[in-house]
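Using our numbering, the first residue of the sequence shown is number 309, and each one after it goes up by one. Heads up: the structure comes next, in structure tokens.
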Amino acid sequence: MSLSKRQSDTCSGICQYLACLALLLPMPSALAGEAAVEPSDNESDVLQDTTFDADSRSSETAAMAEELVEAVPAHEHLVPLADAVTTAEGKAEPLLLLGTEIMPGTAHRLSWSATELFEGVPVSTPVLAVNGKLPGPTLCLTAAVHGDELNGIEMVRRVLHQIAPRKLSGAVIGIPIVNVQGFRRGSRYLPDRRDLNRYFPGNPNGSAAARIAYALFNDVIAHCDALVDLHTGSFERANLPQIRADLRNPDVVTLTQGFGSMVVLHSKPTVGTLRHAATLAGIPAVTVEAGGPSQLELAEVKHGVKGLETLLGTLDMIKKKRFWGDPEPVYYRSSWVRADNGGILLADVSLGSTVRKGDVLGTITDPMSNQSTELYSPYSGRIIGLARNQVVMPGFAAFHVGIQSDDVVVKDEPEALTQKPDTGGYVDAMSE
Ligand SMILES: [Zn+2]
Numbered sequence: 309m310s311l312s313k314r315q316s317d318t319c320s321g322i323c324q325y326l327a328c329l330a331l332l333l334p335m336p337s338a339l340a341g342e343a344a345v346e347p348s349d350n351e352s353d354v355l356q357d358t359t360f361d362a363d364s365r366s367s368e369t370a371a372m373a374e375e376l377v378e379a380v381p382a383h384e385h386l387v388p389l390a391d392a393v394t395t396a397e398g399k400a401e402p403l404l405l406l407g408t409e410i411m412p413g414t415a416h417r418l419s420w421s422a423t424e425l426f427e428g429v430p431v432s433t434p435v436l437a438v439n440g441k442l443p444g445p446t447l448c449l450t451a452a453v454h455g456d457e458l459n460g461i462e463m464v465r466r467v468l469h470q471i472a473p474r475k476l477s478g479a480v481i482g483i484p485i486v487n488v489q490g491f492r493r494g495s496r497y498l499p500d501r502r503d504l505n506r507y508f509p510g511n512p513n514g515s516a517a518a519r520i521a522y523a524l525f526n527d528v529i530a531h532c533d534a535l536v537d538l539h540t541g542s543f544e545r546a547n548l549p550q551i552r553a554d555l556r557n558p559d560v561v562t563l564t565q566g567f568g569s570m571v572v573l574h575s576k577p578t579v580g581t582l583r584h585a586a587t588l589a590g591i592p593a594v595t596v597e598a599g600g601p602s603q604l605e606l607a608e609v610k611h612g613v614k615g616l617e618t619l620l621g622t623l624d625m626i627k628k629k630r631f632w633g634d635p636e637p638v639y640y641r642s643s644w645v646r647a648d649n650g651g652i653l654l655a656d657v658s659l660g661s662t663v664r665k666g667d668v669l670g671t672i673t674d675p676m677s678n679q680s681t682e683l684y685s686p687y688s689g690r691i692i693g694l695a696r697n698q699v700v701m702p703g704f705a706a707f708h709v710g711i712q713s714d715d716v717v718v719k720d721e722p723e724a725l726t727q728k729p730d731t732g733g734y735v736d737a738m739s740e
């Protein structure tokens with residue numbers, strides 16, 4: 309049965325789609341118990357944990373990740389990603405995925421399960437796969453690695469169901485909900501409070517998170533020639549649709565340029581993220597951030613879908629439609645502006661606003677004393693992420709300013725990546 313047929317049969321709208329998934333999956337009656345080692349939802353912990361320079365595990369884990377990635381069949385790209393379709397020869401091959409042979413020109417919905425619940429019932433999640441009639445690369449789309457990030461789930465559904473297998477060159481694999489256990493509880497984390505996106509490429513003998521990461525990486529990601537991991541902002545923060553990419557890698561640059569009109573933020577991936585592990589294994593990967601958690605935001609979903617369809621066109625996997633829009637700027641540096649006082653934060657800017665150094669970004673008012681303080685932009689740039697209006701504590705990262713650079717060449721270690729957090733500098737993976 310084709311994906312599009314199945315879609316019209318069973319899941320026509322977002323709500324129905326989510327309801328379908330809920331039906332598809334067993335209800336959690338018990339969750340795997342394991343001592344919490346990751347930070348709580350307290351945002352100051354999270355900010356520290358996700359600060360690039362403050363990642364205490366980085367060097368040790370980087371070496372470990374490299375060792376584990378060696379177990380995955382190496383992806384030696386003899387031709388650049390951009391030329392993968394035009395240089396593909398012969399007929400399309402059947403795609404062997406999760407024990408199923410997907411013949412060229414067909415689409416399948418498969419099921420992947422990485423782990424068992426406490427009582428031994430496997431937790432499965434759908435994997436949508438379209439194998440094109442014509443030869444070409446395999447592009448993978450992953451969403452909801454953080455279980456409360458919903459926009460990417462809908463992007464994967466829309467993109468996968470709109471592909472005509474007979475007209476596709478190569479294959480597209482979509483996993484709409486990687487972190488099923490988090491998704492079912494409306495949580496970013498796994499039931500043991502671990503952040504799955506800090507455990508790739510995983511370890512078959514490690515924690516629950518490491519095992520899930522390992523299974524996903526080996527069962528699915530190892531089949532990909534390129535990967536787009538879909539995310540949103542975290543903890544009541546929203547991101548302007550943007551691509552996070554390590555622009556020192558030429559195939560990553562190809563991926564990035566393929567999206568058309570989407571803001572690009574150069575960022576070296578944090579160790580343990582799917583983006584980091586995939587790129588390390590020779591599978592160029594980018595993260596797309598769009599909107600905020602726990603909501604389905606139609607404008608952001610449409611923006612992401614348009615970007616992904618433009619990418620399929622620029623990679624020559626589908627018939628090229630007109631290239632989408634003027635390329636958006638590339639930001640080589642960015643900085644979060646933090647609250648110095650606690651209180652009620654109200655923004656004076658919105659996502660995408662252009663700001664000048666010294667502009668007021670928002671106001672924090674103490675509801676008891678009625679005293680207000682203003683947050684100013686330390687840079688000229690653009691608002692690429694912001695906190696939704698809410699009560700904040702001192703130190704809360706409120707506004708993410710992209711600082712445009714005229715430098716076309718990316719140096720090996722851009723200044724932004726080496727800044728210390730206490731200088732108000734670069735904070736990567738705030739949500740990724
Ligand atoms: Zn995320």
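For glycine and all other residues, C-beta sits at the position ideal for the given N, C-alpha and C.
- If the five residues before and after I461 are omitted, its C-beta is found closer than 7 Å to the C-beta atoms of A451, A452, P484, I485, all from its own chain and listed in chain order.
- The criterion of a C-beta distance shorter than 8 Å is not satisfied by L504 and N526.
- The beta-bridge partner set that DSSP reports for E682 consists of T671.
- The beta strand (DSSP E) runs lying completely inside the region 441-500 and spanning 3 residues or more are 442-451, 477-483, given in chain order.
- Judged by DSSP in its simplified three-state form, L555 adopts coil rather than helix or strand.
- Proximity of the region 539-550 to the region 684-703 meets the contact definition, three or more beta-carbon pairs being nearer than 8 Å.
- Going by C-alpha positions, D656 is about 43 Å away from G590.
- Ligand 1 approaches T540 closely enough that one of its heavy atoms is under 7 Å from the residue's Cβ.
- Inter-residue distance for R556 and G580 is about 19 Å (C-alpha atoms, whole angstroms).
- In this structure, the straight-line span from the alpha carbon of L563 to that of G455 is close to 25 Å.
- Non-local C-beta neighbours of H611 in its own chain, meaning closer than 8 Å and more than five positions away in sequence, comprise P549, M570, A598, ordered along the chain.
- The C-beta of T587 has 16 or more other C-beta atoms within 10 Å across all chains shown, which makes the residue buried.
- It is roughly 19 Å from the alpha-carbon of D624 to the alpha-carbon of L403.
- Buried is the label assigned to L436, since at least 16 other Cβ atoms lie within 10 Å of its Cβ.
- A contact is defined here as three or more CB-CB pairs under 8 Å, and the region 437-446 meets this definition with respect to the region 473-480.
- No residue range can be given for R664, since it is assigned to no beta strand (DSSP E) and is classified by DSSP as neither H nor E.
- Taking all protein chains shown into account, D533 has 16 or more neighbouring C-beta atoms within 10 Å of its C-beta and is therefore buried.
- By the neighbour-count definition (other C-beta atoms within 10 Å, threshold 16), S575 is a buried residue.
- Of L573, H531, L616, the smallest CA-CA separation from V638 is found for L573.
- Positions of the beta strand (DSSP E) runs, each at least 3 residues long and wholly inside the region 513-559, are given as 534-539, 545-553 in order along the chain.
- When the beta-carbon positions are compared, V709 and L653 stay at least 8 Å from each other.
- Here DSSP, grouped into helix, strand and coil, assigns E605 to coil.
- Relative to ligand 1, the beta carbon of N526 is positioned no closer than 7 Å to any heavy atom.
- The three-state secondary structure of V561, taken from DSSP, is helix.
- Taking a C-beta distance under 8 Å as the contact criterion, N459 and E608 qualify as a contact pair.
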